[in-house]
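Going by numbering that gives the first Met the number 0, the final residue of the sequence shown carries number 188, and the count climbs one at a time with no gaps.
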Amino acid sequence: MQIAVDGVRFTYTEPFLAMHCAIAVLTIMCKQIQIAREIAISHASPRLGLYPMLWKDKFDPPLPPDEVDLIPKNWDKPGNRIANMTMELSEMFTREVTRYVDEAEDEAMWALSMNRHILDRVASELLERISMNGEEVGVLIKSMNPVMLPDYMDPRLYETSSSDPNEHRYKSATRFEELDIWQAAFPAC
């Protein structure tokens, strides 16, 4: 943080010296300026942030850094309507989303453990060379045969063609398709 603030001071106080610096130094200084600006306007920084100083009654009060929500609670705002669903449906939906998040986290941790050799190699390269750009890291990763997670957004992963040639007629004739919901198994406690 001190480096970023010093970088901002240096850039604003010595503009002519900054113009004559090398391109690499200028890009580092620009990154420092960007980091310093982000720190200065961050609402999660109670000592440095400008957000608490600009707070007025029409805005929500800023939260302490340990209580900042990752996802804002838009359903608490006045004027927003909550979806009409039963408690059972809400519980099933919450359970399915939680299960999906847990599975995704387990899969990501497995991929990180399988790619541990790449992380060690990048760390040793950084100790030797002090800095690497993104292209060098990308070439290094591709050369070490990384374990990749499947891309679930890839349309080639899913079969879209059907054996029934008249399926498009059925789909266009029906406007509403019922949602298939079944009760998830309760965890054994």
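Backbone N, C-alpha and C fix where the C-beta goes; we use that ideal spot for every residue, glycine too.
Because the structure is a prediction, the values reported are computed rather than measured.
Less than 8 Å between the C-beta atoms of residue i and residue j, yes or no?
i    : j    : result
N114 : P145 : yes
H116 : M143 : yes
V138 : V121 : no
Taking the alpha carbon of residue i as the reference point, which residue from the options has its own alpha carbon closest?
i    : options                   : result
I140 : L125, M152, L118 and L126 : L118
Y151 : E106, N83, L88 and S112   : E106
Near residue i, what residues of its chain come up, given a Cβ to Cβ distance below 6 Å and the 5 sequence neighbours on each side ignored?
i   : result
L53 : Low confidence applies here, because L53 scores a pLDDT of 44, under 50, leaving its location unreliable and the question unanswered by this model.
K55 : Unreliable placement is indicated for K55, whose pLDDT of 48 sits below 50; the coordinate value is still reported in the next sentence. Result list for K55: empty, nothing under 6 Å.
Excluding the 5 residues preceding and the 5 following residue i in the sequence, name in chain order all residues of the same chain whose CB lies nearer than 8 Å to its CB.
i    : result
M84  : F92
L125 : M131
Next on the checklist: Between the segment 122-134 and the segment 147-156, can you find at least three pairs of beta-carbon atoms closer than 8 Å?
Outcome noted: No, the segment 147-156 is not in contact with the segment 122-134.
Next on the checklist: Please give the ranges of any alpha helix (DSSP H) in the segment 105-144, keeping only runs that are unbroken, at least 4 residues long and fully inside the region.
Outcome noted: Look at the segment 105-144 and you find these whole runs of alpha helix (DSSP H), each 4 residues long or longer: 115-128 and 133-142.
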